[in-house]
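What follows is a set of notes on a single structure, which appears directly below.
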Amino acid sequence: MSAEASYDVVVLGAGQAGLAVGYHLQRAGLVPGDDFVLVDAADRPGGSWPRMWDGLRLFSPATYSSLPGWLMPPWDDAARGFPPRDHVVAYLRAYEERYRLAPLRPHRVRAVRRADDDPSGPLIVESPGLTLAARHVVSATGTWDQPFWPTYPGANDFLGTQLHSSTYRRPEELAGQRVVVVGGGNSAAQVLAEVSTVAEVTWVTQRPPRFLPDDVDGRVLFETATARVQAQREGRAHDGVGGLGDIVMVASVREARGRGVLEAEPMFERLVPDGIARADGRTLSCDAVIWCTGFRPALRHLAPLHMRDDRGRVPVSGAAGTRSAREPRVHLVGYGDWVGAASATLIGVGRSAKATVAEIVDSLQK
Ligand code: FAD
């Protein structure tokens, strides 16, 4: 298949990770639209943020949720709590306009292939209606398109509604129902907090939930992740963010604690047609189960490059820790700690994007 245009770098995804890469490519002297281009599957700016549930709040203040180069506009945290989802969407929209990144959208990339056997030849990026050639591909497609639904016996027999946090929208849809919320992370806690205002909710977790102290937010988590990176560089041990706990006590979660609904019970054993069956044999009837069980990296488009190892992981190497060990023309940004500490956060992705771009520019000059 012949490419319609050829670039030094094609960035897949124009969420926060893709935008941060675009910013640093431009700072390095590459021109958007000439030397590099961003391609995104969605029909509007904001990455996955517009698709998150309506009541979602950040777990950090605005200034600690910023991409490189331009602070997120302030939000009155003291009076109104941390910024809502739409504040992030507006910021990302303004960010791509400010830096004239002009992503091509909507184009869902289906495959990235090698043009030929030449290891320094171009890669071909294929999406319906658009085929591009690239010397380097940065995959920044996030995790939202790959929700993780754990397998439990009886899931197909359950007659009620099953939602994932990626398809949950607003509490009113569950008003008056008996709802089971599954998961021990921030999504589960925030969804539980709002659904429990209109429904009878049971919370189940694989292990007892670990709440962070009230004064620990995303800012502290980022600083802890940064301290860990530094400690690793110096060969010192550091527990990192995991040592602190999991759930940030945003206002809605604190309020739910005040109502006494933050009590979790152990994970059920299986689903039955009208509810859940616990390990001790007791059952609980429910109308809906919301799986707040996380996501996996959305990497299907890279399958033709066979970058996975025997354990299904994509090994990475290079100075930035984002370069595919099996295909050095491909870089992975924003998916989680395995490609850079805190790289799946607004404030953390800039560091990873900067280091990745430095490595790409170095390769382009060789
Ligand atoms: P995304 O935002 O998912 O963007 C990826 C983009 O790639 C999308 O626009 C998508 O359309 C596009 N794409 C996907 N596949 C393809 C393809 N094949 N071809 C072309 N384009 C494609 N972080 C914080 O810093 N603070 C918070 O408070 C916070 N709260 C969070 C709450 C929830 C519920 C979740 C899920 C995450 C939260 N995060 C938070 C984490 C993080 O900021 C997000 O996960 C973030 O959206 C990741 O950005 P990204 O750019 O990597 O991916």
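Sequential numbering of the sequence shown, starting at 0, is according to numbering that gives the first Met the number 0. We put the beta carbon where it would ideally sit given N, CA and C, even for glycine.
* V228 to R235, Cα distance in whole Å? -> A straight-line Cα-Cα distance of about 10 Å links V228 and R235.
* Is I246 near ligand 1, judged by its Cβ being under 8 Å from some heavy atom? -> For ligand 1, not one heavy atom lies less than 8 Å from the Cβ of I246.
* Asked: How is G141 classed by DSSP in three states: helix, strand or coil?
  -> Three-state DSSP puts G141 in coil, outside helix and strand.
* Would you report the Cα separation of L131 and S5, rounded to the nearest angstrom? -> Taking the CA atoms as reference points, L131 sits about 6 Å from S5.
* Asked: To the nearest angstrom, how far is it from the Cα of M266 to the Cα of A343?
  -> Looking at the two C-alpha atoms, the distance is approximately 27 Å.
* Asked: In its own chain, which residues sit with a C-beta less than 6 Å from the C-beta of V252, not counting the 5 before and 5 after it?
  -> A188 and A192.
* Please classify W48: is it buried, with 16 or more other beta-carbons within 10 angstroms of its beta-carbon, or exposed? => Around the C-beta of W48, 16 or more other C-beta atoms lie within 10 Å, and the residue is accordingly described as buried.
* Asked: Quick one: complete beta strand (DSSP E) runs, 3+ long, within the region 215-294?
  -> Within the region 215-294, the complete beta strand (DSSP E) segments of 3 residues or longer fall at 263-265, 269-271, 274-276, 282-284 and 287-290, listed in chain order.
* **Run of the beta strand (DSSP E) containing Y6, from where it starts to where it stops** => From DSSP, the beta strand (DSSP E) with Y6 extends over A4 to L11.
* To do: Ignore the nearest five residues each way along the sequence and tell me which others in A139's own chain have a CB closer than 7 Å to its CB.
  => Short of 7 Å from the beta carbon of A139, and not among the five residues preceding or following it, lie these beta carbons of its own chain, in chain order: V10, L11, G12, G14, A16, G17, V20, V332 and G333.
* Cβ distance (whole Å) where V203 is taken to contact L173 below 8 Å -> Under the criterion of beta carbons closer than 8 Å, V203 and L173 do not qualify as touching, at roughly 16 Å.
* Asked: Closer than 8 Å: is that where the CB of A101 sits relative to any heavy atom of ligand 1?
  -> Ligand 1 never approaches A101 closely enough for any of its heavy atoms to be under 8 Å from the residue's Cβ.
* Which two residues bound the contiguous alpha helix (DSSP H) that contains I359? -> Run containing I359: V348 to Q364, per the alpha helix (DSSP H) assignment.
* Asked: Do you know offhand how far K353's Cα is from A263's?
  -> About 41 Å.
* **V88, enclosing beta strand (DSSP E) - first and last residue** => No beta strand (DSSP E) contains V88, which is instead part of the alpha helix (DSSP H) from R84 to R97.
* **G183 vs I275 beta-carbon contact at 9 Å** => Going by C-beta atoms, G183 is not nearer than 9 Å to I275.
* Where E199 falls: helix, strand or coil (DSSP) -> Strand.
* To do: Compute the Euclidean distance between the alpha carbons of L122 and W69, then round it to the nearest angstrom.
  => Cα to Cα, the separation comes out at about 32 Å.
* **W143: CB within 8 Å of a non-hydrogen atom of ligand 1** => With a cut-off of 8 Å, the C-beta of W143 is classified as near ligand 1, since at least one heavy atom of the ligand falls inside that distance.
* Asked: By a C-beta neighbour count over all protein chains shown, 10 Å radius and 16 as the cutoff for buried, is R134 buried or exposed?
  -> Burial call: buried.
* How would you write the range of the beta strand (DSSP E) that Q373 sits in, first residue to last? -> Missing from the structure shown is residue 373; the chain here goes from 0 to 365 and no further.
* **L57 CB to nearest heavy atom of ligand 1 below 8 Å** => Flag set: Cβ of L57 near ligand 1.
* **Exposed unless 16 or more other CB atoms sit within 10 angstroms - verdict on L298** => Burial call: buried.
* **Distance, V30 Cα to A287 Cα** => For A287 and V30, the distance between alpha carbons rounds to 50 Å.
* To do: For L304, decide whether its Cβ has a neighbour in chain B, counting only Cβ atoms nearer than 9 Å.
  => This model lacks chain B altogether; it includes just one protein chain.
* Asked: In this structure, does DSSP put A318 in helix, strand or coil?
  -> Reduced to three states, the DSSP call for A318 is coil.
* Asked: Short check: CB of T142 to CB of R43, under 9 Å?
  -> Remark: C-beta atoms of T142 and R43 do not approach each other more closely than 9 Å.
* Between which two residues does the beta strand (DSSP E) containing Q161 stretch? -> In this chain, the beta strand (DSSP E) harbouring Q161 covers T160 to H163.
* **Sequence-distant residues of its chain with Cβ nearer than 6 Å to D308 (five each side left out)** => Around D308: P314.
* Provide the residue span of the beta strand (DSSP E) that contains R177, from first to last. => Looking at the DSSP string, the run of the beta strand (DSSP E) that includes R177 is R177 to V181.
* Is it the case that the Cβ atoms of F81 and L66 are separated by a distance below 9 Å? -> With contacts defined as CB atoms closer than 9 Å, F81 and L66 fail to qualify as a contacting pair.
* Asked: With 16 other CB atoms within 10 Å as the buried threshold, where does T223 fall?
  -> T223 comes out buried.
* Rank S165, V194 and R107 by C-alpha distance to the C-alpha of R177 and give the top, closest one. => Here the closest residue by C-alpha is V194.
* Asked: The beta strand (DSSP E) with L122 in it runs from where to where?
  -> Element bounds for L122: L122 to S126.
* Please confirm whether any heavy atom of ligand 1 lies closer than 8 Å to the CB of D53. => The answer is no for D53.
* Asked: Are the CB atoms of G153 and L283 nearer to each other than 9 Å?
  -> Going by C-beta atoms, G153 is not nearer than 9 Å to L283.
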